[in-house]
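Quick note: the sequence shown uses my numbering, first residue 6, plus one each step.
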Amino acid sequence: MYWIVQVETLVYWNAAHPTTISLFSNAVFSLLLLAIFNLGLRYFAPHLQLGQGELLAVYAMVCTASAISGHGMMQIVVSLIGHAFWYASPENDWQDLVLPYLPSWLTVADKQVLSGYYEGRSSLYQIEHIKAWIVPVLSWSSFIFALVFSMLCINLLLRKQWVNIEKLSYPIVQLPHRIITQPVTLFKNKQLWIGLTFAGGIDLLNGLSYLYPVLPSLPIKLRYLGVFGEKPWSALGGIPVSFYPLVIGLAFLIPLDLSFSCWFFFWFWRMERVFGSMMGWTQTGFPFPNEQSAGGYIALCVIPLWASRSYMKGIIHLAINKKIDTKVNSQELISYRSAILGLFIGLGFLLFFCYYAGMSIWVIIIFFTIYLALEISITRMRAELGTPVHDLHYAGPDILLPKAIGTKALGPRNLSMFSMFWFLNRAHYSDVMPHQLEALKMADMVKADKKGILSALVLTSLVAIPFFFWLFLDVCYQTGMEKRVYWFGWEAYNRLGAWLTHPLEVDFSATAFVGIGFLSTIGIAIMRSQFLWFVFHPAGYAISNSWGMNVCWLPIFISWTIKSLLLRRGGFKTYRRAIPFFMGLILGEFIIGLLWSSIGLIFRLDTYVIWVY
């Protein structure tokens with residue numbers, strides 16, 4: 006967590022952001038080092054050797070802590086708490102427009118306290134600083150823990166259906182699972198070392214070239230080629246091109262139909278823009294990509310829940326019948342009754358928190374229904390398909406509700422809390438919920454103590470949230486928040502100021518395209534279930550318009566091409582023999598990428614970054 010705070014946000018921001026990719030590089034690297042150390046213990050001190058369950062517990066805890074402190078969650082929270090008060094000015098008129106609606110117990114208003122926070126050259130450990138921050142930190146910590154706990158309870162209810170009954174493949178856990186269960190076999194595989202050397206060698210060369218420009222480099226990072234000057238083709242914009250080995254490796258582990266759908270629908274979305282330009286609809290917002298994606302994600306939640314409706318009815322029956330629930334309890338992590346009770350307690354706390362902050366009850370219910378639907382869909386996608394990136398920018402309930410009913414109907418207090426919840430909806434890179442379920446799945450795979458893993462997840466969440474606040478505030482008072490992640494605050498409060506100054510009317514077109522995205526995804530799912538020849542996957546439609554797919558479409562296409570050829574020419578056996586090579590691609594980029602980030606952090610150097618930034 007300390008490394009995440011340092012590298013992603015503060016001292017050395019311009020580094021590979023491990024929490025923007027589905028598989029966290031810092032978690033895999035930590036597991037790799039621990040597995041190597043554990044192999045040494047096997048020969049020199051076997052009585053001290055860690056078991057597979059203990060290795061899994063460490064990995065799950067690192068993933069959970071990283072997700073909580075990641076680029077899509079708490080890094081945004083800390084930018085919101087004091088931003089409106091520090092940057093309020095006569096020009097933006099936030100003093101009258103915004104500040105009256107921000108709850109005092111969720112913000113820091115004292116500019117003397119904030120001066121050290123934003124400008125640095127101060128210390129957190131002053132009485133006035135601690136007094137100003139203690140209430141907002143505890144308030145937000147309780148909210149985030151209740152949210153994370155609620156998601157864990159949902160996972161406990163869905164676990165048996167998705168893990169034991171449907172037996173979803175969980176492609177993302179394949180690499181950490183092999184490191185935990187087959188380290189010797191994996192490390193002896195020549196294919197792994199070829200892939201690792203290839204990917205790591207490219208990043209090593211590019212890193213040296215970055216420091217010493219006289220050396221050659223291999224351009225694998227994102228760039229844009231060719232801009233058409235004439236309509237309608239100018240609507241395509243620049244064509245993004247990249248060759249990230251780690252994405253090629255990750256995409257090799259996902260199903261062929263999904264990888265095909267990802268790059269196919271990427272171009273489908275681009276051609277929609279061309280069609281809109283031909284029709285002269287560019288000023289209307291057509292094709293409303295964020296709204297279509299949001300509808301698609303919601304459908305991806307509804308589809309598996311509808312398919313498992315009998316199972317869900319059974320859960321309710323078991324929870325009501327005390328005798329049966331007690332018997333089933335011995336086979337589950339906790340009883341269904343306890344999971345449902347925990348979910349109601351968590352959601353009840355969220356409802357009370359938001360109501361006390363000024364939100365209307367009906368808005369709270371709709372807001373968190375949409376938010377949790379998006380979370381469930383992302384968790385399902387990772388469990389079934391293992392998408393390399395799932396960012397879903399700017400398509401949360403804070404975007405959908407104002408367009409559906411207008412900002413006047415919501416009122417300034419609801420809108421203000423929408424801005425305070427920017428960390429929930431800006432993007433979904435590092436959501437915690439998928440990592441929780443993946444940890445429970447791996448506990449099944451390695452036959453670990455599931456209740457121990459569950460306890461580790463809860464304890465990590467409980468500790469990581471306030472620990473992040475402490476780490477971040479401590480460093481900010483030394484080096485200054487300004488020029489770090491403060492732009493998240495500008496995004497949230499500039500939008501709020503615009504809402505309050507120029508209220509939005511109902512956007513019927515945008516709302517209709519949410520429905521179109523929903524129905525299109527349902528339609529693709531129905532076609533897929535009825536016709537074996539139908540090659541498209543509904544998740545590919547939903548995720549292919551994102552920033553992440555803009556970055557990854559070409560590596561996914563390359564991986565799809567290689568995997569298709571291997572399966573057609575060599576069969577499934579050849580495909581399985583090739584897997585270690587592609588795992589090596591992932592490890593090679595992770596190891597060298599973390600090496601360059603660490604060098605930059607230690608020596609305060611601007612070093613090569615393996616990812617987009």
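A virtual CB, placed ideally from N, CA and C, is assigned to each residue, including glycine. All values derive from a computational prediction rather than experimental measurement.
Report all residues from its chain with a CB closer than 8 angstroms to the CB of residue i; omit the five preceding and five following residues, and keep chain order.
i, result
"Lys116", "Phe90 and Trp91"
"Ile225", "Ile207, Asn211, Ser247, Phe248, Tyr249 and Pro250"
"Lys165", "Tyr316 and Glu337"
"Phe3", "Examination of residue 3 is not possible in this model, given that the chain is present from 6 through 618 alone."
Please report the distance separating the alpha-carbon of residue i from that of residue j.
i, j, result
"Phe29", "Ile73", "12 angstroms"
"Arg581", "Ala444", "24 angstroms"
"Gly231", "Arg574", "35 angstroms"
"Asp403", "Ile199", "47 angstroms"
"Val82", "Pro417", "20 angstroms"
"Ser365", "Phe265", "43 angstroms"
"Ile561", "Gln179", "18 angstroms"
"Ser174", "Pro393", "15 angstroms"
"Val140", "Ser109", "9 angstroms"
"Ser128", "Asp479", "7 angstroms"
"Gln11", "Tyr482", "14 angstroms"
"Gly170", "Leu258", "The sequence shown places Ile at residue 170, not Gly. About 22 angstroms."
"Leu600", "Ala583", "26 angstroms"
"Asp396", "Ser298", "11 angstroms"
"Ser222", "Glu124", "38 angstroms"
"Arg314", "Ile383", "19 angstroms"
"Val519", "Gly589", "40 angstroms"
"Thr190", "Gly87", "52 angstroms"
"Arg47", "Leu55", "9 angstroms"
"Pro508", "Ala414", "10 angstroms"
"Pro309", "Leu442", "15 angstroms"
"Trp167", "Phe523", "22 angstroms"
Could you pull the start and end residues of the beta strand (DSSP E) that residue i belongs to?
i, result
"Pro245", "Ile244 to Val246"
"Leu230", "Arg228 to Leu230"
Return no unless some Cβ of chain C is closer than 8 angstroms to the Cβ of residue i.
i, result
"Ala344", "Here chain C cannot be found, since the structure has a single protein chain."
In its own chain, which residues sit with a C-beta less than 7 angstroms from the C-beta of residue i, not counting the 5 before and 5 after it?
i, result
"Ser424", "Ala497, Tyr498, Arg500 and Leu501"
"Leu161", "Leu338, Ile339 and Ala344"
"Gly598", "Ala21, Ser30, Asp208 and Ile615"
"Leu429", "Tyr376 and Gly401"
"Leu220", "Leu213 and Ser214"
"Arg275", "Leu241"
Please report the residue range of the alpha helix (DSSP H) in which residue i lies.
i, result
"Lys452", "It is not in any alpha helix (DSSP H) - Lys452 carries neither H nor E in the DSSP assignment."
"Trp99", "Trp99 to Leu102"
"Pro585", "Gly576 to Phe608"
"His395", "Per DSSP, His395 belongs to no alpha helix (DSSP H) and is neither H nor E."
"Ala114", "Note, Ala114: premise wrong, no alpha helix (DSSP H); not H, not E."
"Ser35", "Ser30 to Phe49"
"Thr69", "Gln57 to Ile73"
"His322", "Arg314 to Ile325"
"Asn160", "Ile132 to Arg164"
"Gly544", "For the sequence presented, residue 544 should be read as Ala rather than Gly. Pro543 to Ile548 is the span of the alpha helix (DSSP H), which, as asked, contains Ala544."
Indicate the three-state DSSP secondary structure (helix, strand or coil) for residue i in the structure shown.
i, result
"Val490", "coil"
"Tyr249", "coil"
"Trp286", "coil"
"Ser365", "coil"
"Trp565", "helix"
"Thr24", "helix"
"Trp538", "coil"
"Asn555", "helix"
"Val83", "helix"
"Ile177", "helix"
"Thr621", "Any property of residue 621 remains undetermined from this structure, which presents the chain solely from 6 to 618."
"Ala93", "coil"
"Asp611", "coil"
"Pro260", "coil"
"Leu255", "helix"
"Gln54", "coil"
"Phe372", "helix"
If you drop the 5 nearest sequence neighbours on each side, which residues of the same chain put their C-beta closer than 6 angstroms to that of residue i?
i, result
"Leu379", "Tyr302"
"Phe372", "Pro402"
"Pro471", "Ser146"
"Thr25", "His76 and Tyr434"
"Tyr130", "none"
"Met438", "Met156, Glu380 and Thr384"
"Trp268", "Trp558, Ile561 and Phe562"
"Tyr399", "Asn295"
4-residue-minimum alpha helix (DSSP H) runs that sit fully inside the region 192-227, ordered along the chain: Segments of the alpha helix (DSSP H) lying fully in the region 192-227: 195-216.
Whole alpha helix (DSSP H) elements within the region 407-438, 4-residue minimum: If you keep only unbroken alpha helix (DSSP H) runs of at least 4 residues inside the region 407-438, you get 412-425 and 427-430.
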